[in-house]
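Numbers in this note's numbering are just positions in the sequence shown, counted from 1, shifted up by 175. Contents: one structure, followed by commentary.
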Amino acid sequence: MSAPQLPIEIKHNQVMAIFMLVCALFILATSFLVGVSLNTLTGVIILLVSIGYFVQPAVVVTESGLEHRNLLGMTLRRTDYDSLADLSVEPDGSLWVTRGGTKEKVRGMIRFLLSGADLKRFEDAIRAAKA
């Protein structure tokens, strides 16, 4: 197997983004029919968040660590490792990193909020790094 192409971007689940977009459009449509109110602001905020879900990656896998990002693209938390082979995926889907002989669970990787295709590509990259 060839070496994985890094960085790997793991996007948000597109179903969640579409659901939020539909909700935002519904809220905006009803608020314009009834009259501009606080619901208009709520609809705009949900619309901006749904666009963020479409555009920004949730996690970026680099050569030295995982970067958990917010919807503005800023790194909130970083999980460092020496190589991609230090990561392992358990049968239940949880992600673990081995550092200095200790095994720690990686927090913030909620599978149903992340793209299944991107997670599969990431797991394949881990398997390729271990081979």
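Backbone N, C-alpha and C define an ideal beta-carbon position, used for all residues, glycine too.
Check the DSSP bridge columns for residue i and list the partner residues they point to.
i, result
"R302", "R302 pairs with nothing; no bridge assigned."
"S263", "W271"
"K278", "T273"
"T250", "R244"
"D255", "G240"
"L289", "H187"
"P232", "K186"
Please classify residue i: is it buried, with 16 or more other beta-carbons within 10 angstroms of its beta-carbon, or exposed?
i, result
"N188", "buried"
"G248", "exposed"
"L294", "buried"
"I315", "Residue 315 is absent from the model: the chain starts at 176 and stops at 306."
"A300", "buried"
"G218", "buried"
"V190", "exposed"
"S131", "Residue coverage of the chain in this structure runs from 176 to 306, which leaves residue 131 outside it and unanswerable."
"S258", "exposed"
"I285", "exposed"
Assuming residue i and residue j form a contact by the criterion Cβ under 8 Å, report the distance between their Cβ atoms to the nearest whole angstrom.
i, j, result
"F297", "I220", "About 30 Å separates the two Cβ atoms, so there is no contact after all."
"T237", "L288", "In fact, because the Cβ distance is near 21 Å, the residues do not count as touching under 8 Å."
"S225", "A192", "5 Å"
Taking 6 Å as the limit between beta carbons, can you name the residues of its chain near residue i, skipping five residues before and five after?
i, result
"L222", "A199"
"R302", "none"
"T215", "S206"
Can you name, in chain order, every residue of its own chain whose Cβ lies under 7 Å from the Cβ of residue i, other than the five neighbours on each side?
i, result
"S212", "S206"
"A260", "A304 and K305"
Give me, in chain order, the residues of the same chain whose beta-carbon lies closer than 8 Å to that of residue i; leave out the 5 immediate sequence neighbours on both sides.
i, result
"V264", "L270, W271, E298 and I301"
- Message: Using a Cβ distance threshold of 8 Å, determine whether the stretch 226-235 contacts the stretch 262-279, with at least three qualifying pairs required.
- Response: no
- Could you say if the stretch 252-267 and the stretch 233-244 meet the contact criterion of at least three C-beta pairs nearer than 8 Å? yes
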